[in-house]
Structure formats: C-alpha cells, structure tokens
Amino acid sequence: MGFLTTLLGIIGFSIGIPLGLFVGFFLFIYNKPKHVKDPIVTPLHELDAETLHDLLSEVPAWVKYSDYDRVDWMNRFVSEMWPYLDKAICGMIRSTTEPIFAEYIGSYQIKSIEFETLTLGVLPPTIYGMKIYETNEKELVLEPELRWAGSPNITLVLKLLSVPIAVQLVDLQIFATPRITLAPLVPSFPCFANVAVSLMEKPHIDFGMKVLGGDIMAIPGLYRYVQETIKKQIARLYLWPQTLEIPILDCSVGSTKKPVGILHVKVIRALKLLKMDILGSSDPYVKLGLSGERLQSKKTCVKMKNLNPEWDEEFKLIVKDPESQVLQLQVFDWEKVGAHDKLGMQVVPLSMLVPQETKSFTLDLVKNLNSNDPQNKRKRGQLIVELTFNLFREDIHRFSGSLERKDSSTGSVSEDKHSSGAGVLLVVIQGAEDVEGKNHNNPYAIILFRGDHKKTKMIKRTRDPTWNEEFQFMLDEAPVDDKIHIEIMSKRSGLSFRGKESLGHVDINLADVVYNGRLNEKYHLINSKNGLIHVEIRWKII
C-alpha cells in the first residue's frame, strides 16, 4: 500500500507541474487584467498654469530656450570620465585646502585639520543644455546649465584639544549656470591661455551636515541660515561680473604680442670704417631693425666714398617686447653689382634703455656676435647712435613702474586720449564672410591710408577667408578726421584677361577709434551682396 501511494504521488507530480505551467502561461497571455488602466497622457497646452509652473524647473534648457543646444554626448563623456575626474578634483581640493587649513592650526586650540575621506561619489553632474556665444573677440564663451545631485563622502576631522571632531557632508545638490570664457585663443595646444568662470545667477546649493554623527541641519533655523550664508559668499566671489580666472598657458606662449611703444633711432655718424673698394674707400649705409620682427629693415642713404660718414637720419620702430628685443645695426658697403659687403654690426638690448629718456651709444663694430671668433679682434670702426624709447600711455605701468613722465602733456591720466600727440594706428584684418566674385574667388585685402598701400596674402578658392594680419601706421598726430579704405580683391591665378576684380569695399571713419582707443566690428561691404569684413583697429598714443 505504501509503495502504491508513493508511485501515484510521483505520477501526479510529474503531470501536475507541466499542466500547471501550461495553464498559467495561457492565462498570462490571453487573459488581460481588468483593473489595470492605460496612463493618461495630457498635452502641455492642456495643463493648468500651476501644473506647468511645477514642471518648468525640471524641463531642460534646450527645450525651454532655442539658443541652448542638447549635449547628450558630453554627458556620456563626463559619465565615462567621472571616476578619473573624481580623483583629479579631489586631489585638487586637497592641495588647495592644505595651506588654508595650515593657517588655523595652532589657533583656537586646533591641533590638526585633515580629510578622513574625500570622494565625490559615483553620480556625475548632468549638463541640461549648452549655450555658445558668438563674439568678435578671440575667445570662446560657453554657458552650460549644470545640475548635480551627488552622493559624496566627505569627512573632515578637526582635532580640538586632542579630541577628534568629525564633520561629514552628505546629500549634496548643486544647480548652477556658469559662464565659461576661454580667452585668448592662441595657436598652441590647448589653444586658449586662460579660463574665466563666473556665475550668471545665484546657485542652488543643498546639503546635509553631520557633526559627531548628529545632523545639525535639523536644528530649527540653522538650515536656512547656512544656506543663505553660503549663497551670499559664493555670489560675492563669483557672481558676474566677478570671475574666477585659471591660467592655462603663459600669455607669451603662442599669442601675438601687441605693440607697447616706439623706439626712436637717430643714426648720427660712423668713424674709421673699413676700406672695401680698390681705391681705398667704401660706400657705407646702415641697415637697422628689431629682433623678432618680420617687417622689412630700414636703411639710411648711401654715403659714397666716405670712411667717416655723417647721416643724422631718424627712424621709428615699433616695440613689442622691450625686455627681450634688441636693436640690430648693420653697416654695409654698397655695390652696384653683386652682393653688398658687410663692414660690421652691433646690437643694443632695449632693456638698457630707460623709457622717455634719450641715450647716446658709441658702438664698436664687429663681424658677428660670436665672442670667440678671432675676426672680431680686428678694428672695424665705430657707429654713433641716439636711442629714445617711448612707451604708449596705457602700457607705462607694465614696464616703467612708478616712472613719471617728463612732459606735462601726457602726465595727466584724465587728459583726452585723442590729444594731438604721436601714436600708432594698428589695423588687424581678421577675415571676411560671403565674398563672391563673378569669375573667381581668390580674395585678399587692400588697405589704403594717407597714401600708404598695404595688402594681405591671397587665399585661393574660398568665400570665407581668414587672414588675421596686422598692419601698423606710425603717425605724428591723431587721425581724428581721417578715413581708412579697405577693399577685398580677387586675383585669378595664371594668365587671364580678367585678372582682378573687386569683391567689395568699406570706408571706416577713424574718429571713433581715436576717442575709444579700439574698434572691433564686422562691416557690410559696399558693392557686395552679402559680404562682411571683420576689422580690429587700435589707436595707441605716446
């Protein structure tokens, strides 16, 4: 009897399990429960004002504003990099706070302050949208909307009277809209020299704080006081127009140096020059220029058959770096046919000059700058020059410190910038847009000013050329009543009957440049359908 009962139980179990699974699968597939309802989907335009207001804070910026872009790719990038960013940011926090903590050690009976744990957690911040501003400056301006509801584990241990007190930060939330400016843009990796960060509005910051394991934020009134205090402090330090500047590159690396002054060179005379001609004489002239400049060197006139020539000629050279640049002076013997013979040379470091003071130099000419060259022991004569280095008014504080200018006309800072003093007009042709010719598109720019004619390089087969070339005009008086003519031309490469054609021009009144010191604009080209030209003009006075 016992055997039969066991056998029937095994048979019933073997049949019941498959049968039960089959019936359950049939009921699950073909029998829909009646108590489950489809969710109600309501269009946004049918929602009431209160509901919309509650949802508005959760809507990403790229949905609310058309000028914000969706950056899911960047969020994925940050998510993948977050474990490494976490360690890098925490290391930066440690190195930054160490000197701050060191100031308090020994005061108020504090023995030590150190992080017991410091990690930002596994949840990275999310960028809800990115806005990029277009400017005429050499900069890139980004405005992301950041939200971070992290799970950091930050514990700071403060040892007070040998008693350790642990302060823990938990449940941190930060909502902020920073403006990040990468400037200036330079042709050296990572292609920007500084990062400037400022907040466009007060950030939302929420967190919990535990001291010795107890949540002090639960104390009535303390939570709101701490939140408001932190917001005010952050706003005072970083709310626009206040900025946090982070240097990335040395400003001198890769960037184009701007003129800071004018070097006045007076070539007076030379004495006892070498005899290079067959008849025992020479035809000398002086060639001069500044190191690091691509501009063509300046020359004096040729003094025929004279070993002690007198020139008394004056030249003006634009200085960009008085601390490192040198004046290069070379004396040549003019030849009607063939290369000109070098009589000698010498250099004068601009660091030897005192701004706004004239200094005379009697230079012993040498063959080259190699002090070990035995040919330099030979006497090659002397060259007498007078040098005066005048700083531009806006650059005096950078190079001359507390130096006081001798002339009263420039001693007052409040004096009008457009005084009749000498200065330099700097014209930078940045580029052009939508310039189109009838027969070809090989654009270059021509600058005409007071009879002087300059032009940029030609860029082939483009309607949007970028030149970024600077031109300098040294003037004895401010160009208040002058205009500068800039024209975009196109030149066919090779032989053609229609070799050149104008793609448009513009005449710029320089009065605004003189009064404001700088102009950086895009101008519509005359006689062009949609053409624009980007020009930056500066007026710097001595």
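The sequence shown runs 2 to 543 under the numbering used here.
Glycine is no exception: its CB is placed at the ideal position from the N, C-alpha and C atoms.
Computed from a prediction, not measured in an experiment: that's the story for all the values here.
Supposed contact pair residue j and residue i - C-beta distance, whole angstroms, cut 8 Å
i	j	result
residue 119	residue 186	35 Å between Cβ atoms; not a contact.
residue 464	residue 437	5 Å
residue 274	residue 285	6 Å
residue 502	residue 439	6 Å
residue 366	residue 383	7 Å
residue 364	residue 330	7 Å
C-alpha gap between residue i and residue j, whole angstroms
i	j	result
residue 173	residue 138	37 Å
residue 160	residue 166	6 Å
residue 353	residue 347	14 Å
residue 95	residue 116	8 Å
residue 324	residue 397	13 Å
residue 469	residue 446	11 Å
residue 389	residue 523	37 Å
residue 306	residue 335	10 Å
residue 391	residue 269	19 Å
residue 338	residue 460	36 Å
residue 387	residue 304	19 Å
residue 505	residue 428	18 Å
residue 527	residue 422	33 Å
residue 206	residue 223	15 Å
residue 605	residue 471	Residue numbering for the chain in the displayed model covers 2 to 543; residue 605 lies beyond these limits and cannot be assessed.
residue 298	residue 135	39 Å
residue 395	residue 356	14 Å
residue 184	residue 102	32 Å
residue 232	residue 128	21 Å
residue 243	residue 178	14 Å
Spatial neighbours of residue i in its chain, beta-carbon cut-off 6 Å, leaving aside the 5 residues before and after
i	result
residue 49	none
residue 318	264 and 291
residue 131	70, 72 and 145
residue 126	147 and 149
residue 483	511
residue 168	157 and 212
residue 517	none
Beta-bridge pairing of residue i - partner residues as DSSP gives them
i	result
residue 125	DSSP lists no partner for residue 125.
residue 506	488 and 527
residue 390	264
residue 212	168 and 215
residue 453	450
residue 434	533
residue 539	427 and 519
residue 115	158
Residues of its chain near residue i, where Cβ-Cβ distance is below 7 Å and the 5 sequence neighbours each way are ignored
i	result
residue 170	153, 155, 208 and 210
residue 500	492 and 493
residue 326	291, 292, 293, 320 and 351
residue 1	The requested residue 1 is not part of the displayed model; the chain covers only 2 to 543.
residue 466	432, 433, 444 and 460
Any non-hydrogen atom of the ligand PLP closer than 7 Å to residue i Cβ
i	result
residue 75	Among the components of this structure there are no ligands whatsoever, and the ligand PLP is therefore not found.
Own chain partners of residue i with C-beta closer than 8 Å, once the 5 adjacent residues on each side are dropped
i	result
residue 282	276, 306, 307 and 308
residue 216	209 and 210
residue 251	194
residue 247	195, 196, 197 and 198
residue 20	none
residue 302	286, 312 and 314
residue 91	119, 120 and 121
Inside the segment 255-338 only - beta strand (DSSP E) runs reaching at least 3 residues: 262-272, 285-291, 311-320 and 327-334
To test your reading of the DSSP string, which unbroken beta strand (DSSP E) runs of 3 or more residues are found completely within the segment 358-388? 359-365
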